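*Asks:* The following block contains the structure, expressed as structure tokens.
2 protein chains.
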Amino acid sequence: MVQCSLIRSGAVVDEFSLIETYFKDIPPLRPDTRLGVGDDCAIVRTGDNNELVITTDILVEGVHFLAATDPGDIGYKAAAVNLSDIASMGAIPAWATLALSLPHPDHKWLKAFSAGFINLLSTYGVDLVGGDTVKGPNVITVQMMGKIESGTALSRSGAHQGESVMVTGSLGDAALGLKQLKGELSVNSPAADYLLSRLNRPTPRVEEGVLLRDLATACIDISDGLISDLGHIVKASGVGATLELDQIPCSPPVTNYQKATGDFAPSISGGDDYELCVVVPEDAQQEAVDRLLEVGTQLTKVGVITDGERVEVVDPLGQSKTDPSKGYNHFE
Amino acid sequence: MVQCSLIRSGAVVDEFSLIETYFKDIPPLRPDTRLGVGDDCAIVRTGDNNELVITTDILVEGVHFLAATDPGDIGYKAAAVNLSDIASMGAIPAWATLALSLPHPDHKWLKAFSAGFINLLSTYGVDLVGGDTVKGPNVITVQMMGKIESGTALSRSGAHQGESVMVTGSLGDAALGLKQLKGELSVNSPAADYLLSRLNRPTPRVEEGVLLRDLATACIDISDGLISDLGHIVKASGVGATLELDQIPCSPPVTNYQKATGDFAPSISGGDDYELCVVVPEDAQQEAVDRLLEVGTQLTKVGVITDGERVEVVDPLGQSKTDPSKGYNHFE
Chain A
0 MVQCSLIRSG AVVDEFSLIE TYFKDIPPLR PDTRLGVGDD CAIVRTGDNN
50 ELVITTDILV EGVHFLAATD PGDIGYKAAA VNLSDIASMG AIPAWATLAL
100 SLPHPDHKWL KAFSAGFINL LSTYGVDLVG GDTVKGPNVI TVQMMGKIES
150 GTALSRSGAH QGESVMVTGS LGDAALGLKQ LKGELSVNSP AADYLLSRLN
200 RPTPRVEEGV LLRDLATACI DISDGLISDL GHIVKASGVG ATLELDQIPC
250 SPPVTNYQKA TGDFAPSISG GDDYELCVVV PEDAQQEAVD RLLEVGTQLT
300 KVGVITDGER VEVVDPLGQS KTDPSKGYNH FE
Chain B
0 MVQCSLIRSG AVVDEFSLIE TYFKDIPPLR PDTRLGVGDD CAIVRTGDNN
50 ELVITTDILV EGVHFLAATD PGDIGYKAAA VNLSDIASMG AIPAWATLAL
100 SLPHPDHKWL KAFSAGFINL LSTYGVDLVG GDTVKGPNVI TVQMMGKIES
150 GTALSRSGAH QGESVMVTGS LGDAALGLKQ LKGELSVNSP AADYLLSRLN
200 RPTPRVEEGV LLRDLATACI DISDGLISDL GHIVKASGVG ATLELDQIPC
250 SPPVTNYQKA TGDFAPSISG GDDYELCVVV PEDAQQEAVD RLLEVGTQLT
300 KVGVITDGER VEVVDPLGQS KTDPSKGYNH FE
């Protein structure tokens with residue numbers, strides 16, 4: 000239930016309002032529905048000690064990818080954005096379904112798409128168990144389920160004042176990759192290749208989510224940008240947060256771009272990186288860093304949870320910065 | 000994983016070939032994947048004695064509904080076609096996710112759509128647990144999960160020679176309703192209202208599926224037409240079937256139309272009725288009829304399973320009739 004956008008805009012919005020307006024406040028009918036609409040995944044009870052986390056994501060041509068986008072990349076990304084949702088709950092991805100609306104049965108496209116899709120599912124041990132195909136506009140919907148021990152799933156709602164806000168990997172690569180794709184930026188190879196691969200083939204942080212499950216108090220995957228996604232944690236947890244601009248981990252191309260232009264939007268409000276933003280109590284911070292180091296993933300403290308009501312960004316001098324963007328609205 | 004079409008064609012096709020071509024023969028990676036791509040639902044093991052059945056269906060504007068179709072009917076049908084898939088496995092529907100691609104946030108449309116959708120889910124005790132919304136062409140994807148005791152789900156593959164082919168309710172109403180909608184047929188009210196309600200608001204046979212679970216050897220819901228859908232049972236079970244044209248249960252408007260025109264396509268190859276086609280051993284036939292009578296649903300024997308390889312239709316004189324259609328291909 001994240002959004003992944005190869006085509007983006009920087010407008011201030013709330014993309015979740017539609018589904019929330021019509022469906023969030025309906026009380027569950029079933030006692031085994033643990034968490035409904037409003038988090039990265041739903042949680043349902045399936046056995047005495049088993050729960051399932053469930054997510055769904057749509058990719059639309061012209062919104063999330065271009066007609067010219069490599070179909071292998073589209074297939075990869077359709078799997079990756081759902082895997083990332085499962086990761087943000089700390090669950091083990093297990094099964095997926097695929098609903099494909101296609102203008103015509105283009106077998107070359109389908110072969111490349113399905114290879115990109117299935118290969119990534121296989122990497123994470125996920126079985127595609129069902130699907131539907133129809134003639135129509137190019138719209139891809141994936142639904143994915145993950146398994147988890149009862150009561151152990153991470154959500155957006157457990158953050159407490161004083162805890163550390165941390166992120167995996169580095170931020171801003173996908174946003175800069177998109178600028179490059181749109182011709183707004185010229186970057187030399189191999190940096191160019193790196194940025195494009197981060198945009199088109201992001202690594203879902205599945206192993207990291209599982210490793211952080213018993214340490215973190217809240218988690219979300221960064222699909223709409225750090226400020227926006229941390230904003231969901233803040234809202235769901237009833238807290239605030241302060242982000243330190245100079246602590247946000249960036250790759251050399253993003254660091255260079257941001258220094259040269261003074262435009263910090265890629266790292267703080269650029270989407271599509273699919274890193275995890277986790278909230279960790281201070282005494283668990285080192286353990287969290289150490290665990291992810293063992294799988295080769297950097298975990299960086301970027302801020303703290305406050306008693307405020309919003310996400311504030313401060314620069315190295317402690318000056319508050321205005322949010323340049325809060326994400327991307329699919330209905331702007 | 001059925002197709003529901005307000006706009007239909009009568010061409011001979013196999014709508015399942017695309018998803019099967021690319022995804023059916025991939026062996027499952029997980030030991031708890033019991034049944035993958037190729038039936039009405041997938042089956043996965045979620046606990047010691049619990050399984051989940053999973054289905055997904057796409058509805059596309061211009062393919063499955065018209066821009067002018069009442070959004071409440073679209074919402075109802077989006078729920079109904081998935082409930083019908085769960086019913087065909089004999090499972091209890093439990094949870095759904097909704098992925099909506101919409102050209103713009105039309106709140107009047109959304110309000111009516113969500114009422115139609117949620118009201119039907121509520122009728123069957125199903126919780127909507129997740130969703131995604133995006134700006135794009137009008138494409139609706141629903142995914143639904145149902146619960147069932149391990150090893151008890153019905154599938155397409157258990158039919159044996161000599162067993163009875165039976166159907167719930169009556170067939171051909173939706174096809175005639177569509178003819179009426181397209182202006183190809185003029186029917187007086189109240190028959191007209193009846194046919195349209197059968198097209199737009201079909202009753203998923205959930206209770207019936209559960210009641211038949213321990214009696215039937217194979218089951219499918221009739222979304223593409225009796226010949227086509229029985230054809231899936233026949234193929235999956237490695238058998239053949241003979242249908243008796245004059246035994247197929249029809250409502251008075253369909254009976255009148257078929258007698259007057261000699262066109263039996265509505266009842267034998269018309270889709271969208273969402274009745275169940277079940278295969279029942281002869282000694283369980285009366286029990287099956289009696290059980291459904293208790294919930295007010297007619298169950299009628301329409302043919303037998305043979306040692307052939309295809310579905311044959313015979314008229315009252317025992318003459319074989321050529322299949323006028325085998326369903327609807329979304330990529331013709």
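Heads up: the sequence lines are chains A and B, in that order. Sequential numbering of the first sequence, starting at 0, is according to numbering that gives the first Met the number 0. Sequential numbering of the second sequence, starting at 0, is according to numbering that gives the first Met the number 0. Even for Gly, the Cβ is constructed at its ideal location relative to N, Cα and C. If you're wondering where the values come from, they're calculated on a predicted model, not measured in any experiment.
Kindly indicate the opening and closing residues of the alpha helix (DSSP H) around R290 (chain A).
*Replies:* 284-293
*Asks:* Using DSSP with H/G/I as helix, E/B as strand and the rest coil, what is K320 (chain A)?
*Replies:* strand
*Asks:* Give a yes or no on contact between the stretch 81-88 of chain B and the stretch 205-220 of chain B, applying the rule of three or more CB pairs nearer than 8 Å.
*Replies:* yes
*Asks:* What's the C-alpha gap between D24 (chain A) and Q142 (chain A)?
*Replies:* 22 Å
*Asks:* Give the straight-line distance between the Cα atoms of V288 (chain B) and R200 (chain A), rounded to the nearest whole angstrom.
*Replies:* V288 (chain B) and R200 (chain A): Cα-Cα distance of roughly 55 Å.
*Asks:* Is it true that the CB of L242 (chain B) sits closer than 8 Å to the CB of V186 (chain B)?
*Replies:* No, the Cβ-Cβ distance between V186 (chain B) and L242 (chain B) is not below 8 Å.
*Asks:* Say whether chain B places a C-beta atom closer than 8 Å to the C-beta of P27 (chain A).
*Replies:* yes
*Asks:* Compute the beta-carbon to beta-carbon distance between I57 (chain A) and T140 (chain A), rounded to the nearest angstrom, for a pair I have assumed lies under 8 Å.
*Replies:* 5 Å
*Asks:* Do E293 (chain B) and E162 (chain B) come within 8 Å of each other at the CB atom, strictly closer than that value?
*Replies:* no
*Asks:* Could you tell me the distance, in whole angstroms, from the CA atom of V279 (chain B) to the CA atom of R212 (chain B)?
*Replies:* 10 Å
*Asks:* Contact criterion: CB-CB distance below 8 Å. Does D126 (chain B) meet it with respect to chain A?
*Replies:* Interface flag for D126 (chain B) against chain A is set, since a Cβ pair is found closer than 8 Å.
*Asks:* Determine the closest residue to V62 (chain A) out of A:P136, A:V128, A:T122, A:E50, with distance taken between C-alpha atoms.
*Replies:* A:P136
*Asks:* Let me see if you follow: with CB-CB separation under 8 Å, is I53 (chain B) close to chain A or not?
*Replies:* yes
*Asks:* Using a Cβ cut-off of 7 Å, pull out every chain A residue sitting near T167 (chain B), in sequence order please.
*Replies:* Correct list: empty, because the minimum Cβ distance to chain A is about 23 Å.
*Asks:* So is R7 (chain B) buried or exposed if we call it buried at 16+ other beta carbons inside 10 Å?
*Replies:* With a pLDDT of 32 at R7 (chain B), under the threshold of 50, the predicted position of this residue should be treated as unreliable, though the coordinate-derived value follows. Per the 10 Å Cβ criterion, buried.
*Asks:* Tell me which residue opens and which closes the alpha helix (DSSP H) that N187 (chain B) is part of.
*Replies:* No alpha helix (DSSP H) contains N187 (chain B), which DSSP labels as neither H nor E.
*Asks:* With 8 Å set as the bound, which would you pick, yes or no: does the beta-carbon of A93 (chain A) sit closer than that to a beta-carbon of chain B?
*Replies:* yes
*Asks:* For the stretch 163-178 of chain B against the stretch 260-275 of chain B, are there 3 or more C-beta pairs whose distance is under 8 Å?
*Replies:* yes
*Asks:* Throw me the rounded Cβ distance for the V52 (chain A) and W94 (chain B) pair, which I believe falls under 8 Å.
*Replies:* Wrong, their Cβ atoms sit about 12 Å apart, outside the cutoff.
*Asks:* So with CB distances below 9 Å, who are the chain B contacts of V194 (chain A)?
*Replies:* According to the sequence provided, residue 194 (chain A) is Leu. The question's Val does not apply to it. Simply none; closest approach about 24 Å.
*Asks:* DSSP three-state label for Q179 (chain B), please.
*Replies:* helix
*Asks:* Where does the unbroken alpha helix (DSSP H) through T260 (chain B) begin, and where does it stop?
*Replies:* 251-260
*Asks:* Return yes when the Cβ of L34 (chain A) is within less than 8 Å of the Cβ of S154 (chain A), no when it is not.
*Replies:* Taking C-beta atoms as the reference points, S154 (chain A) and L34 (chain A) count as a pair closer than 8 Å.
*Asks:* Tell me the residue span of the alpha helix (DSSP H) that contains L225 (chain A).
*Replies:* 225-236
*Asks:* Check whether the Cβ atoms of D271 (chain B) and L194 (chain B) lie closer than 8 Å to each other.
*Replies:* no
*Asks:* Quick one: is H231 (chain A) buried, meaning 16 or more other Cβ sit within 10 Å of its Cβ, or exposed?
*Replies:* buried
*Asks:* Starting from the Cα of V164 (chain A), find the closest Cα among A:G150, A:L127, A:T68, A:A283 and give me that residue.
*Replies:* A:A283
*Asks:* I304 (chain B) lies in the alpha helix (DSSP H); which residues open and close that run?
*Replies:* Careful: I304 (chain B) lies outside any alpha helix (DSSP H), inside the beta strand (DSSP E) at 298-305.
*Asks:* Among A:C40, A:E286, A:L99, which has the Cα closest to the Cα of P92 (chain A)?
*Replies:* Measuring from the Cα of P92 (chain A), the nearest candidate turns out to be A:C40.
*Asks:* Note down, one range per segment and in chain order, each beta strand (DSSP E) of at least 3 residues found wholly within the stretch 80-155 of chain B.
*Replies:* 91-101, 126-134, 138-148
*Asks:* Is there a Cβ of chain A sitting closer than 8 Å to that of I221 (chain B), yes or no?
*Replies:* no
*Asks:* Would you kindly work out how many angstroms separate the C-alpha atoms of Y327 (chain B) and D223 (chain B), rounded to a whole number?
*Replies:* The pLDDT assigned to Y327 (chain B) is 40, lower than 50, so where the model puts this residue is not dependable; a value taken from the coordinates is nonetheless given after this. Computed Cα separation, rounded: 6 Å.
*Asks:* Given a cut-off of 8 Å, decide if N49 (chain A) and G46 (chain B) are closer than it, judged by their beta-carbon atoms.
*Replies:* yes
*Asks:* Nearest to T122 (chain A) by CA position, among A:G182, A:A79, A:P30, is which residue?
*Replies:* Comparing Cα-Cα distances from T122 (chain A) to each of A:G182, A:A79, A:P30, the minimum goes to A:A79.
*Asks:* Checking contacts by CB at 8 Å: is T96 (chain A) closer than that to chain B?
*Replies:* yes
*Asks:* What first and last residue would you give for the beta strand (DSSP E) that runs through V205 (chain B)?
*Replies:* Run containing V205 (chain B): none in the beta strand (DSSP E); it sits in the alpha helix (DSSP H), 205-211.
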